[in-house]
Amino acid sequence: MRIKASTGSNSIACVYVSEFDNGSLVVMVESVQPPLPRNKKWVLIVSTLFGCPVQCPMCDAGGHYRGRLSKKEIFDQLDFLVKSRFPDGKIPVEKFKVQFARMGEPSFNPSVLEVLEELPLRYNAPGLIPCISTIAPSGASSFFEELLRIKRKTYSCGNFQMQFSIHTTDRELRDRLMPVNKWDLPQIARYCNEFWQQADRKITLNFALVRGMPVDSEELQKHFDPERFLMKLTPLNPTYAAARNGLVSQIDSSWDETRCEIVNGLRKAGYEVIVSIGEMEENLIGSNCGQYLTEHLATERRLIDSYSYDIKNHS
Ligand code: SF4
Numbered sequence: 622m623r624i625k626a627s628t629g630s631n632s633i634a635c636v637y638v639s640e641f642d643n644g645s646l647v648v649m650v651e652s653v654q655p656p657l658p659r660n661k662k663w664v665l666i667v668s669t670l671f672g673c674p675v676q677c678p679m680c681d682a683g684g685h686y687r688g689r690l691s692k693k694e695i696f697d698q699l700d701f702l703v704k705s706r707f708p709d710g711k712i713p714v715e716k717f718k719v720q721f722a723r724m725g726e727p728s729f730n731p732s733v734l735e736v737l738e739e740l741p742l743r744y745n746a747p748g749l750i751p752c753i754s755t756i757a758p759s760g761a762s763s764f765f766e767e768l769l770r771i772k773r774k775t776y777s778c779g780n781f782q783m784q785f786s787i788h789t790t791d792r793e794l795r796d797r798l799m800p801v802n803k804w805d806l807p808q809i810a811r812y813c814n815e816f817w818q819q820a821d822r823k824i825t826l827n828f829a830l831v832r833g834m835p836v837d838s839e840e841l842q843k844h845f846d847p848e849r850f851l852m853k854l855t856p857l858n859p860t861y862a863a864a865r866n867g868l869v870s871q872i873d874s875s876w877d878e879t880r881c882e883i884v885n886g887l888r889k890a891g892y893e894v895i896v897s898i899g900e901m902e903e904n905l906i907g908s909n910c911g912q913y914l915t916e917h918l919a920t921e922r923r924l925i926d927s928y929s930y931d932i933k934n935h936s
């Protein structure tokens, strides 16, 4: 693996574009969550696919899909990020999150399961908490069955974080945002009821709030017990894809959480609600899904274009 480009700041997030032997590029990120210092919380986000076949209209990772990363290629990313801060592999961080979410739907890659099995042996990291963030594609049932087994065996009692992307409770709009066959809300709830055990972390339902796309707390209440699920609301990331597809975030700089009907409705229904606005600087750095890679490719393309222009005009 070769690092092709990097950007960011040690105080928030560093984003790396790396190239593998097949010539494909992926993005990985390491970040902290101010004001917490790195020894309290440190988050690594790695890619699991070269691009992503799902092509969600708000995600820059979609398109240019070129297959799955191997177990070694996933570990290459993790080893690089770990060694850059903790060369001896000892990670004295209270909450060390390893998130399989950067580029690619993780359930499309069985190597993610192998990485999960090996992870606790690879690093000396007592605070390790792996996190799978998924849209729950219908064809990935065997991945989820195996994930259930690994989580029970290795990561019980709050040492695993499971997240599902819901975004809206309107079925048609949900299909527009995640254009593949996937589990509906009752199917997600059925799986989670098996997955969640006493002392586990609550399962997170993620909503990137898009203007015009509803979140109906009564509908959620039918399926998801507030004792087992928490709701995480985020702005829609300012990706190139979102702009191209006319998707606008409900949460902007003038947004007031206390006056938001969605937040109030969810809290009234008994849910714990986390509103994660993130750092504006993070957007500028480009650590949102696939964004930096797109910029990097655009820069390379511009260079190639101007190079071809020079050749054409000077030969
Ligand atoms: S949001 Fe996730 S599933 Fe959708 S295209 Fe991006 S990486 Fe793939």
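Throughout the sequence shown, residue numbering follows the working numbering, covering 622 to 936 in sequence.
Using N, Cα and C, we set each Cβ at its ideal position, and we do this for glycine too.
| Asked | Found |
| --- | --- |
| Report the start-end ranges of each alpha helix (DSSP H) in the stretch 707-744 that is 4 residues or longer and not cut off at the edges. | 732-743 |
| Closest by CA to A746, which one among A634, V664, T628 and V836? | V664 |
| Spell out the partners DSSP gives T669 in its beta bridges. | Answer by DSSP bridge pairing: none, since T669 is not bridged. |
| Give the single residue among E715, V714, P713 and N730 whose Cα lies nearest to the Cα of F721. | N730 |
| In the stretch 751-794, which residue ranges form an unbroken alpha helix (DSSP H) of at least 4 residues, counting only runs that do not cross its ends? | 762-775 |
| Using 7 Å as the cut-off, classify the Cβ of I753 as near or not near the heavy atoms of the ligand SF4, replying yes or no. | no |
| Among all the DSSP beta bridges, which residues are the ones paired with S627? | Y637 |
| Could you please give the first and the last residue of the uninterrupted alpha helix (DSSP H) stretch that includes F845? | That residue, F845, is in no alpha helix (DSSP H); it is neither H nor E in DSSP. |
| Just verifying my parser: in three-state terms, what is the DSSP assignment at G833? | coil |
| Residues in its own chain within less than 8 Å of V675 by CB, not counting five upstream and five downstream? | G683, E726, I756, P758, M799, P800 and V801 |
| Enumerate in chain order the residues of its own chain whose CB-to-CB distance from Q842 is below 6 Å, with the five nearest sequence positions on each side excluded. | A890 |
| Helix, strand or coil, according to DSSP, for L857 in the structure here? | coil |
| Please determine whether the Cβ atom of A682 lies at a distance below 7 Å from any heavy atom of the ligand SF4. | yes |
| Closest to H785 by C-alpha separation, out of V719, C813, L794 and L768, would be which residue? | The question names His, but residue 785 is Phe in the sequence shown. Residue C813 is the option with its Cα nearest to F785. |
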